[in-house]
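The block underneath contains the structure these notes are about, expressed in structure tokens.
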Amino acid sequence: MKVLKFGGTSVGSAKRFKEVARIVTSGGKDIVVLSAMSGTTNTLVEISGYLYNHNLDGARDTIASLHTQYNCVIKELFEKKESIQKAQAYIDGVFQLLADITRESSFTEVQERIILSQGELMSTFLMTTYLQELGFHVRLLPALSFMRTDAQGEPDMESIKVSLDQLLEKERGADFYVTQGYICMNARDEVDNLKRGGSDYSACIIGAVTGAEEIQIWTDIDGMHNNDPRVVENTSAVRHLHFDEAAELAYFGAKILHPTCILPARYANIPVRLLNTMEPSAPGTLIDSVPDSGVIKAVAAKDNIVAIKIKSSRMLLAYGFLRKVFEIFESYRTSIDMICTSEVGVSLTIDDTRYLGEIVHDLKKYGTVSVDLDMCIVCIVGDMDWANCGFESKVMNAVKDIPVRMVSYGGSNYNISLLVREEDKEATLRSLSKNLFE
Ligand code: ADP
Ligand code: ASP
Ligand code: MG
0 MKVLKFGGTS VGSAKRFKEV ARIVTSGGKD IVVLSAMSGT TNTLVEISGY
50 LYNHNLDGAR DTIASLHTQY NCVIKELFEK KESIQKAQAY IDGVFQLLAD
100 ITRESSFTEV QERIILSQGE LMSTFLMTTY LQELGFHVRL LPALSFMRTD
150 AQGEPDMESI KVSLDQLLEK ERGADFYVTQ GYICMNARDE VDNLKRGGSD
200 YSACIIGAVT GAEEIQIWTD IDGMHNNDPR VVENTSAVRH LHFDEAAELA
250 YFGAKILHPT CILPARYANI PVRLLNTMEP SAPGTLIDSV PDSGVIKAVA
300 AKDNIVAIKI KSSRMLLAYG FLRKVFEIFE SYRTSIDMIC TSEVGVSLTI
350 DDTRYLGEIV HDLKKYGTVS VDLDMCIVCI VGDMDWANCG FESKVMNAVK
400 DIPVRMVSYG GSNYNISLLV REEDKEATLR SLSKNLFE
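FYI, numbering that gives the first Met the number 0 numbers position 4 of the sequence shown as 3, with every residue one higher than the one before it.
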């Protein structure tokens, strides 16, 4: 059994739904994970924004135009009257729920997350109904009855495995299964989600708990490119990545993968293949546990980074000092991405700035604190085993004209990270492509 995940663009129109159905029905007894149709989650975020701002007209107009869009998809997708009626009744029910929420006296985060879950609920209902119209015995596995996060907001793998095994056992006779990406229940039994882009994470979690033969992430590009194609021209697909390389690229900004989705696949040692729905026969990128030696594979960048420097003349690097610094970040549940130390100072980066003021306040106990905003981590990934010579100079040579605030190397065998100003990101990515890949 394989897990096939199709992203928003892959189910972006009635025509694309039919294309996905062709891919799905030519495979085996697989689990198909779908995102919302492209644009839907953004529109649902927009509706929530209007409701937070008490702009009911804005919310209702946006709901109405989204409803019209879905009505058009139904008209184009189905042929049989029963399918049209079934799909229309479901979609109308979703828009009734949205309308009901706009009439409530207050708007909470819980309601927001219910709104955000509707995109995946609609796309999977439409796909299941379409596959049934084509005559297949397909079962919809409701993600809200098996996908669950724990009190820390992390996937509760044990519980997911037990619930999903039970569901699959019950639906043993199906030709294949369809389920929602992104959405889950949390430890408080509320509807929640795995953060934006989370359908990739759903697919990898499902692949890991079911011991799938392969996890396929179908998207709108022919695999992981060696640089961000939205910023740099002439990027090319990387055919093979080690799990650790893919995990670094995803975490440090390669949008094609959710930041932490590789972890469950790596843990369960299940190969992940990135494939292009627009060009199904292209080879894509294979991600597995086989290393390649001596090559720099790709570059990615993560924006909205803040660098914090703590400078102290006496205590610094005395034993226990770093622990105290880390405890401050831990107490605000803020994770650190990069760290560099010297005898007189330590610099760290974070991307979650919710508690920046409090963190800086607490750090001032230990030294002089300075903050650089609007920074960007550029991560270069490949075989960076320290026994190999020369790759550091290639990287540093590529950024010789760019001010670099921090350099981190040696944390893993797969990565060198540079911290630059966000305004220098484009120049940095272009120069790295030119020096490393051309
Ligand atoms: P989906 O909706 O299928 O989940 P996403 O938009 O989340 O698709 O991810 C695919 C997009 O990621 C591509 O269209 C591309 O613009 C962007 N992207 C950013 N960095 C990379 C990269 N290194 N390789 C491939 N795509 C990338
Ligand atoms: N629909 C969600 C989003 O747009 C999840 C996903 O597409 O992976 O973020
Ligand atoms: Mg995505």
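Note that CB positions come from ideal geometry on N, CA and C, so glycine has one too.
Shortest Cα-Cα distance from Cys388 to any of Lys79, Ile216 and Ser292 involves Ser292. Residue pairing by DSSP places Cys71 in no beta bridge whatsoever. Set against 8 angstroms, the gap from the CB of Asp219 to the closest heavy atom of the ligand ASP is not smaller. Per the coordinates, the alpha-carbon of Phe325 lies some 24 angstroms from the alpha-carbon of Asn412.
Between the region 280-288 and the region 217-228 there are three or more inter-stretch CB-CB distances shorter than 8 angstroms, so the stretches are counted as touching. Around the Cβ of Lys323, a 10 Å sphere holds fewer than 16 other Cβ atoms; the residue is exposed. Going by C-alpha positions, Glu153 is about 20 angstroms away from Ser34. For Val406, the secondary structure class from DSSP, reduced to helix, strand or coil, is strand. Boundaries of the beta strand (DSSP E) harbouring Lys301: Ile295 to Lys310, taken from the DSSP string. DSSP places Gln151 in no beta strand (DSSP E); its state is neither H nor E. Closer than 8 angstroms to some heavy atom of the ligand ADP: that describes the Cβ of Ala299. Taking the C-beta atoms as reference points, Leu130 is found nearer than 9 angstroms to Phe175.
The count of Cβ pairs closer than 8 angstroms, one atom from the region 101-109 and one from the region 63-81, stays below three, leaving the stretches out of contact. Glu157 sits in a helix when the DSSP states are folded into three classes. Each residue's CA atom was taken as its position, placing Gly48 and Tyr89 some 25 angstroms apart. Cβ-Cβ distances below 6 angstroms link Ile338 to Leu347 in the same chain, with the five nearest sequence neighbours on each side left out; the list follows chain order. Note on geometry: alpha-carbon atoms of Ile205 and Val359 lie some 40 angstroms from one another. Closest by C-alpha distance to Leu76, out of Met0, Asp351, Lys14 and Pro402, is Lys14. Secondary structure note for Asn41: its alpha helix (DSSP H) is the uninterrupted segment Thr39 to Tyr51. Contact between Asp373 and Glu421 holds: CB atoms are separated by about 5 angstroms, below the 8 angstroms threshold.
Within 8 angstroms of the C-beta of Ile255 there is at least one heavy atom belonging to the ligand ADP. At least 9 angstroms separates the beta-carbon of Pro228 from that of Thr178. For Met146, no alpha helix (DSSP H) segment is defined, and its DSSP state is neither H nor E. In this structure Asn226 is in contact with Leu428, their Cβ atoms being roughly 6 angstroms apart against a cut-off of 8 angstroms. Less than 9 angstroms divides the Cβ of Met405 from the Cβ of Ala306. The Cβ atoms of Leu431 and Val377 lie closer than 9 angstroms to each other. Considered as a whole, the region 333-369 harbours 355-362 as its complete alpha helix (DSSP H) runs of no fewer than 4 residues, in chain order. Distance from the CA of Lys79 to the CA of Phe135, rounded to the nearest whole angstrom, comes to 14 angstroms. CA-CA distance, Ser334 to Gly252, rounds to 16 angstroms. Residue range Lys424 to Phe436 is occupied by the alpha helix (DSSP H) that includes Phe436.
In this structure, DSSP gives Arg59 a helical state, which the three-state scheme calls helix.
Between the ligand ASP and the CB of Gly196, the shortest heavy atom gap is smaller than 8 angstroms. Put simply, the backbone Cα of Ile22 is about 42 angstroms away from that of Ser407. The ligand ADP never approaches Leu33 closely enough for any of its heavy atoms to be under 8 angstroms from the residue's Cβ. Under the Cβ criterion (8 angstroms, minimum of three pairs), the region 206-213 counts as touching the region 248-267.
Distances from the CA of Val294 to each of Lys393, Ala202 and Ala98 were compared; the closest alpha carbon is that of Lys393.
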